[in-house]
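Here is the structure we will look at, set down as structure tokens.
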Amino acid sequence: MIKMAGKIYIVGIGPGAKEYLTIKSIETVKSSDYTVGSSRAIELFSDVQNTIAFNVKDLVDKLKEGVELAIDDNVVSILSTGDPGFSGVLNTVLRISTEKGFPHENIEVIPGISSLQLAAAKNHIQWDSANIMTFHGRENIEDILKVIDNGKVTIALPSRKVKDMAQFLLDNGVEKTRPVTVCERLSYDDEKIVSTSLEHVAESEFTYMCIMVIEDKN
Ligand SMILES: C[S@@+](CC[C@H](N)C(=O)[O-])C[C@H]1O[C@@H](n2cnc3c(N)ncnc32)[C@H](O)[C@@H]1O
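Going by my numbering, the sequence shown opens with residue 5, and the numbers climb by one from there.
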């Protein structure tokens, strides 16, 4: 018997705290046969049927498992921090689905509040007039130099460590005194928002869960 393809929801879960989950995300997960996500993401939901937890190392394998379950006619939610379309799992899931012949019309994206949006909100930034940059998992760090002096505030997801990103900017001529705000673990109880100079950021330790807001030149 030929099986019908099921459905995949790629669900944005917001920056991390439960209060930033959307009602749509909660209802989607509740009505799914399987939910794939990091343990931290899965724990946000109280009504989950079968869970498949991933970590950084087995992420792609678990996403493949999720797509295969959807091919077997299951409804599968794949959880993505923030919004799935901003440095999230959207493209990876689309690629795997293409490889496995799962129809893209059976994939629905449920948007979430991005950590970028929360960083902008916390800093009173109208983010449509900011440089939005993500270096997460990418090696295009030099792209920031093209915009850093264009008169706009820059909101960036750093590539590796925040201090390395700051050092890179210093090494490439950005002033030591350039104001930078590091937004760490936004929405969590231990959220930290530190406004200081680029030089100081280069000497400080932060976790990987940070957004950098770099003021414009003036
Ligand atoms: C794989 S990306 C996911 C981005 C996500 N799709 C979004 O829209 O926020 C992970 C990076 O997002 C940023 N990030 C995610 N959640 C965060 C939070 N609660 N506070 C600060 N930065 C966060 C960090 O830079 C982290 O390394």
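Quick reminder that beta carbons are idealized off the backbone N, C-alpha and C, glycines included.
The model shown is predicted, which means the values in this text are computed figures rather than measured ones.
Secondary structure of residue i, DSSP reduced to three states
i: Tyr38; result: strand
i: Ile6; result: Any answer about Ile6 is weak, because its pLDDT of 48 lies below 50 and its placement is not dependable; what the coordinates show is given next. It is coil, neither helix nor strand.
i: Tyr24; result: helix
i: Ile46; result: helix
i: Ile197; result: strand
i: Thr32; result: helix
i: Val151; result: helix
i: Ala57; result: strand
i: Ile17; result: coil
Candidates the options, of which the one nearest residue i by Cα
i: Arg164; options: Glu72, Gly20, Phe210 and Gly92; result: Phe210
i: His140; options: Gly105, Leu73, Lys150 and Leu120; result: Leu120
i: Ser118; options: Asn144, Gly89, Lys180 and Ile46; result: Gly89
Cβ-heavy atom distance, residue i to ligand 2, below 7 Å
i: Leu67; result: Looking at this structure, you won't find ligand 2 anywhere; what it does contain is ligand 1.
Buried or exposed (CB count within 10 angstroms, at least 16 for buried), residue i
i: Tyr13; result: buried
i: Tyr192; result: exposed
i: Ile152; result: buried
i: Asp87; result: buried
i: Tyr212; result: exposed
i: Ala125; result: exposed
i: Ser29; result: buried
i: Pro19; result: buried
i: Ile114; result: buried
i: Thr1; result: Outside the shown range of the chain, which is 5 to 222, sits residue 1, and nothing can be said about it.
i: Ser199; result: exposed
Closer than 8 Å to chain B by CB, residue i
i: Phe90; result: Of the protein chains in the structure, only one exists, and it is not chain B.
Segments of 4+ residues assigned as alpha helix (DSSP H) that fall wholly inside the stretch 66–131:
Within the stretch 66–131, the complete alpha helix (DSSP H) runs of at least 4 residues are 94–104 and 119–126.
Continuous alpha helix (DSSP H) assignments of at least 4 residues falling wholly in the stretch 160–195
166–175
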